[in-house]
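Residue numbers (my numbering): 3 to 211. Glycine included, C-beta positions come from ideal geometry on N, C-alpha and C. Fair warning: this is a prediction, and the values are worked out from it, not measured in the lab. Down below is the structure, laid out as structure tokens.
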DNA sequence: ATCCCGAGGG
DNA sequence: CCCTCTGGAT
């Protein structure tokens, strides 16, 4: 529990920064957020959800038109295909409602384990695990919790070290820590609250203090 | 140049 | 395991 306590002090307000008003919108926004800042996602989701507010309407949208609206988020062709496919599946196979089980979410096009965990925890209040993105996976490796890149293993190890309630909040804390301090290159170890709790596995050159 | 709050496919 | 998809930020 030590790791979690220290992170809580360091990032008291960490939270999801995507703008959404229902689970459907969060699924779409989260898919768009891959390799892209939340700020830019929020810029495109405004017009996007005004034009296609629900699964039924997005499922019927012209792919070209979707691509045009989300271009600036990168990977726009794949993302357009995926969010439209999501809308189709949610509309046709789930009665227009986003499924609330991990196994069903992961079957939606463009939704992997990371996105599914974000949606469950953030929009449904049903977090089933810690969200492991590239940041969190890296932290897990440096802490010495995992040695491979398998997100599922990292998730299992972190779940064992973090309090059982509020997993989604802990996830946001970890993500923020990985982004701001435990960076991929030149991690700011001098500013890290974890201190000696970290084994610094593979940390070649920390930033000067 | 290099990396990113991924996922799918080989 | 590896690769690809893309634009934007730094």
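Take the Cβ of residue i as the centre, count every other Cβ of all protein chains shown within 10 Å, and call the residue buried at 16 or more, exposed below.
| i | result |
| --- | --- |
| residue 142 | buried |
| residue 86 | buried |
| residue 203 | exposed |
| residue 84 | buried |
| residue 25 | buried |
| residue 101 | buried |
| residue 162 | exposed |
| residue 80 | exposed |
| residue 67 | exposed |
| residue 70 | exposed |
| residue 192 | exposed |
| residue 197 | exposed |
| residue 140 | buried |
| residue 82 | buried |
| residue 112 | buried |
| residue 16 | buried |
| residue 110 | buried |
Do residue i and residue j have their C-beta atoms closer together than 7 Å?
| i | j | result |
| --- | --- | --- |
| residue 132 | residue 173 | yes |
| residue 76 | residue 38 | yes |
| residue 46 | residue 31 | no |
| residue 184 | residue 145 | no |
| residue 98 | residue 153 | no |
| residue 135 | residue 155 | no |
| residue 176 | residue 120 | no |
| residue 107 | residue 89 | no |
| residue 50 | residue 179 | no |
| residue 6 | residue 164 | yes |
| residue 118 | residue 170 | no |
| residue 28 | residue 125 | yes |
What separation, rounded to the nearest whole angstrom, lies between the Cα atoms of residue i and residue j?
| i | j | result |
| --- | --- | --- |
| residue 187 | residue 96 | 43 Å |
| residue 64 | residue 148 | 44 Å |
| residue 190 | residue 34 | 29 Å |
| residue 105 | residue 123 | 14 Å |
| residue 195 | residue 4 | 11 Å |
| residue 168 | residue 208 | 31 Å |
| residue 211 | residue 52 | Model confidence at residue 211 stands at a pLDDT of 49, short of 50, so the residue's coordinates are unreliable and nothing is read from them. |
| residue 22 | residue 40 | 12 Å |
| residue 48 | residue 55 | 10 Å |
| residue 36 | residue 181 | 14 Å |
| residue 205 | residue 91 | 43 Å |
| residue 62 | residue 157 | 36 Å |
| residue 159 | residue 103 | 22 Å |
| residue 78 | residue 72 | 6 Å |
Restricting to runs no shorter than 4 residues, where is the alpha helix (DSSP H) found entirely within the stretch 54-96? 57-61, 65-72 and 78-95
Going residue by residue through the stretch 123-184, where are the continuous beta strand (DSSP E) segments of at least 3 residues, counting only ones entirely within it? none
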